[in-house]
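Just so we're aligned: 445 in this note's numbering is position 364 of the sequence shown, and the numbers increase by one with no gaps anywhere. Using N, Cα and C, we set each Cβ at its ideal position, and we do this for glycine too. Owing to the predicted nature of the structure, the values given are computational and were not obtained by experimental measurement. Structure first, commentary second.
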Amino acid sequence: MSPALLAAAVSVDITPQPAEGIFLAGFAPNRRALGVLHPLEAGVLALQVGDVRLALVTVDSIGLGRDIVERIRATVTVPGTRVLVSSTHSHATPDTMGIWGPTILGFLPYKTGVDPAYVDLVVGEVARGIDRAVAALAPAVLRAAAFQVPETWTRNDRGPTAGRDDDAVALAIEAPDGSRVATLLNYASHPETLWEKNRYVSPDYPGAFRRRMQELAGGVPLFFQADLGGMLTPNTPPKPDQQQRRAFVDAMGAALAELARDHLAGAPAVTFEALDVRHAEVVVPVDNWRFRLMHRLGLLARPLGGGDVATELNLVTLGPITILTWPGEALPEVGTRVKRDHLDGQFKLWLGLGCDEMGYILEPAMFDQKLYSYEKTMSMGPRTTPMLIEALDKLRA
82 MSPALLAAAV SVDITPQPAE GIFLAGFAPN RRALGVLHPL EAGVLALQVG
132 DVRLALVTVD SIGLGRDIVE RIRATVTVPG TRVLVSSTHS HATPDTMGIW
182 GPTILGFLPY KTGVDPAYVD LVVGEVARGI DRAVAALAPA VLRAAAFQVP
232 ETWTRNDRGP TAGRDDDAVA LAIEAPDGSR VATLLNYASH PETLWEKNRY
282 VSPDYPGAFR RRMQELAGGV PLFFQADLGG MLTPNTPPKP DQQQRRAFVD
332 AMGAALAELA RDHLAGAPAV TFEALDVRHA EVVVPVDNWR FRLMHRLGLL
382 ARPLGGGDVA TELNLVTLGP ITILTWPGEA LPEVGTRVKR DHLDGQFKLW
432 LGLGCDEMGY ILEPAMFDQK LYSYEKTMSM GPRTTPMLIE ALDKLRA
């Protein structure tokens, strides 16, 4: 018989107020918001087994650097809470990294796009959400399902030779009476459906997933991004206008929610012996001169130290469920290989941009391929993946 599982979920609003004028992340710099299309959220799932307590957090953000994640952890008031934060990577959210601010001549950034007051808002609201979820912990049942998302919903813009990852995992957390506490979906696709001409704040399709999932099952819906890099993107119709893009956001989110609903129907309860959480610190060299230059110019908010960057991995095991937080945006070739060769368990969740955003993470051989010329400019370097895998294997051991 499994030990008692306690769980609770909370959603908090992190929409910038006011949103007008804030620098939007993704695409070209100096893209200022005109307003809000859909509110931004952070979702918290708190779990506890015995003395081990964990908060899984997903934030509608282009990415939160580890320095911001550490601020959230330091603000949580309940001691003994392990906090793992992932970003959805929506390209219609405020700049939290610094590289999408004002420009000279329309393309040369000269000042950070980060609004410190907005970062303070995110840190405070997320920490309060974690405290609320932990305070509400109650007996729960966990169900899991793994399935494939039809490849028609996401394409790889790097062409037919590039990888893809259509795997998805859904978790249903239920109260003893069968009511839904939370539904979690883990899937990989860039939330950039609205594209570069959009100037309205939005979580993109993860928000549409949450809206439809809430209609279908109740509780708190949570979307966690997976290995979306290089370049998994929603498969919109050719040359869509903004109205068609908004319609695709709603359709994709609803389709993902309905898939999760269908695959979770009748899924058996997960059995387990313990909640195991392991953590590894990894120091990665910054081989990319562009990142070093942006840091010296004051654009990149993320501290780089003396040419190295400290990041982390976290490995969570709960019976047949394995959850890996992976910093930055792994390409699907990296994600599928790591899940196949370096992760155990029946249900493997890859929390991309996990506890850090450090750009694209490629296979070393890709640095010699012209196909990934853009990804190389936004990557720490070819040593990142081997170092992270080595740290992961030590965690598993």
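I need the straight-line Cα distance from residue i to residue j, nearest angstrom please.
i, j, result
"P318", "Q325", "8 Å"
"N395", "L186", "42 Å"
"T242", "P315", "18 Å"
"H130", "L345", "What sits at residue 130 in the sequence shown is Val, not His. Straight-line Cα distance between these residues: approximately 23 Å."
"V91", "G300", "9 Å"
"E101", "V140", "20 Å"
"E393", "H172", "24 Å"
"Q295", "A263", "9 Å"
"L378", "Y191", "8 Å"
"D196", "D176", "8 Å"
"A217", "I153", "19 Å"
"A136", "L356", "12 Å"
"R421", "V166", "24 Å"
"M461", "Y441", "8 Å"
"M42", "E339", "Nothing in the structure corresponds to residue 42, since the chain is present only between 82 and 478."
"I103", "G179", "12 Å"
"V215", "A336", "31 Å"
"H170", "T352", "32 Å"
"A88", "T398", "16 Å"
"G174", "A219", "It is Thr, not Gly, that sits at residue 174 in the sequence shown. For T174 and A219, the distance between alpha carbons rounds to 33 Å."
"E206", "Y286", "22 Å"
"P366", "P445", "14 Å"
"L303", "Y455", "30 Å"
"S451", "I143", "First, the amino acid is wrong: residue 451 is Lys here, not Ser. Going from the Cα of K451 to the Cα of I143 covers about 26 Å."
"G146", "R383", "6 Å"
"V138", "V164", "7 Å"
"G291", "F305", "With the sequence shown as reference, residue 291 is identified as Arg, and Gly is not the correct amino acid for it. Roughly 11 Å separates the two Cα atoms."
"K475", "M447", "25 Å"
"G347", "L223", "12 Å"
"A227", "A298", "18 Å"
"A85", "P463", "44 Å"
"E273", "R359", "32 Å"
"T162", "E151", "13 Å"
"L252", "D437", "23 Å"
"I402", "R373", "38 Å"
So, at 6 Å on beta carbons, what are the nonlocal neighbours of residue i in its own chain, with the 5 sequence-adjacent residues on each side left out?
i, result
"V203", "I95"
"T417", "D246"
"A289", "V330, D331 and G334"
"N111", "P183 and T184"
"V364", "D389 and A391"
"V159", "D212 and V215"
When DSSP labels each residue in this structure, what does residue i get in the three-state scheme?
i, result
"V157", "coil"
"W276", "coil"
"R236", "strand"
"Y191", "coil"
"D389", "strand"
"P183", "coil"
"I465", "It should be pointed out that residue 465 corresponds to Thr in this sequence rather than to Ile. The answer is helix: DSSP assigns T465 an H, G or I state."
"V150", "helix"
"D196", "coil"
"S171", "coil"
"E438", "coil"
"Q295", "helix"
"T177", "coil"
"I485", "The structure shown does not extend to residue 485, since the chain is modelled only from 82 through 478, so no value can be given for it."
"L121", "coil"
"I143", "coil"
"S454", "helix"
"L412", "coil"
"E255", "strand"
"R163", "strand"
Less than 7 Å between C-beta atoms, sequence neighbours within five positions excluded: which residues of the same chain meet that for residue i?
i, result
"P231", "none"
"P120", "D94 and T96"
"G210", "V91, V93, A123 and V125"
"V200", "I149 and T177"
"M375", "I180 and L381"
"A411", "D308, G310, G433 and I442"
"E208", "Reading off the sequence, residue 208 comes out as Ala, not Glu. Once the five neighbours on either side are set aside, the close Cβ partners of A208 are I153, T156 and V157."
"Q323", "K278 and N279"
"A350", "V222, L223 and R224"
"R342", "L297 and A298"
"L115", "E101, R280 and Y281"
Give me, in chain order, the residues of the same chain whose beta-carbon lies closer than 8 Å to that of residue i; leave out the 5 immediate sequence neighbours on both sides.
i, result
"T458", "N369 and R371"
"W234", "S270, P315, N316, M333, A336 and L337"
Are there three or more Cβ pairs, one per stretch, closer than 8 Å when the stretch 423–431 is compared with the stretch 280–298? no
Length-filtered (4 minimum) alpha helix (DSSP H) runs lying within the stretch 299–376: 323–345
Could I get the ranges of all uninterrupted beta strand (DSSP E) runs contained in the stretch 84–112, with 3 residues as the minimum, in chain order? 86–94
Counting pairs of Cβ atoms below 8 Å between the stretch 430–443 and the stretch 394–412, do you hit three or more? yes
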